[in-house]
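Chemist:
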Amino acid sequence: MASPIREPSIKNSPSPATSRSTGSRENQSSSANRGGTPIPEEEHGADLPLTMSASVVLSSLPRDAHKALADVEAVDIGKVTVRFQPLPGAPMLKNRVFKISASQKFETVVKFLRKKLDCKDTDSVFCYVNSVFAPGLDEGVGGLWRCFKTDEQLIVAYSMTPAFG
163 MASPIREPSI KNSPSPATSR STGSRENQSS SANRGGTPIP EEEHGADLPL
213 TMSASVVLSS LPRDAHKALA DVEAVDIGKV TVRFQPLPGA PMLKNRVFKI
263 SASQKFETVV KFLRKKLDCK DTDSVFCYVN SVFAPGLDEG VGGLWRCFKT
313 DEQLIVAYSM TPAFG
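Residues 163 to 327 (my numbering) make up the sequence shown, in order.
#1: Taking Cβ to Cβ, would you say Val242 is nearer than 8 Å to Gly304?
#2: What is the C-beta distance between Ile317 and Gln247, in whole angstroms, given that I count them as a contact (C-beta under 8 Å)?
#3: Using a Cβ-Cβ cutoff of less than 7 Å, which residues in the same chain neighbour Glu314 once the five nearest sequence positions on both sides are dropped?
#4: On the CB-based measure, 16 or more other CB atoms within 10 Å of its CB, does Val271 come out buried or exposed?
#5: Going by alpha carbons, who is nearest to Glu269 out of Thr312, Cys289, Lys311?
#6: What is the residue span of the alpha helix (DSSP H) that Arg308 lies within?
#7: Does the separation of the CB atoms of Ala264 and Asp300 fall below 8 Å?
#8: Which of helix, strand or coil does DSSP assign to Gln190?
What follows is the structure, encoded as structure tokens:
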């Protein structure tokens, strides 16, 4: 003997306005969420630290993220001192210390150095920060200075041939 299929009663439904025509519990709950009001957020004393990937579901950034973004923007204001250091076999500059805007990309440093060395379009110039690594041309000078400065200067070693790795 088969028992009859029973639809949920309106009394037991979380939202009395939901349609009984589908009979699917999943469809009823999703239709209830679409028409309902959002759940109010509770006020609390401190924002918990959240990853930026969680910001996809947030309506606004937490206070600590706003502060971090403001700090990053503030760092790229002003000038940075760059000291060019020739590696063996590279020509020396008369003046080796220059100032550049912190908001510029490392590409600007390389173009400036090529101009000072009077390089042709076919000449290569290899630049290394602290004689350790070659940063990408799209790296910010302010960020490089902040992370790798020595005596408040960004040391850029240069060579006409590959020097490392």
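Ideal Cβ placement from N, Cα and C applies to all residues, glycine included.
Modeler: This is what the structure holds:
#1: yes
#2: 6 Å
#3: Thr243
#4: buried
#5: Cys289
#6: The continuous alpha helix (DSSP H) containing Arg308 extends over residues 303-310.
#7: no
#8: Confidence is the limiting factor: at Gln190 the pLDDT is only 48, short of 50, which leaves the residue's position unreliable and the question unanswerable from this model.
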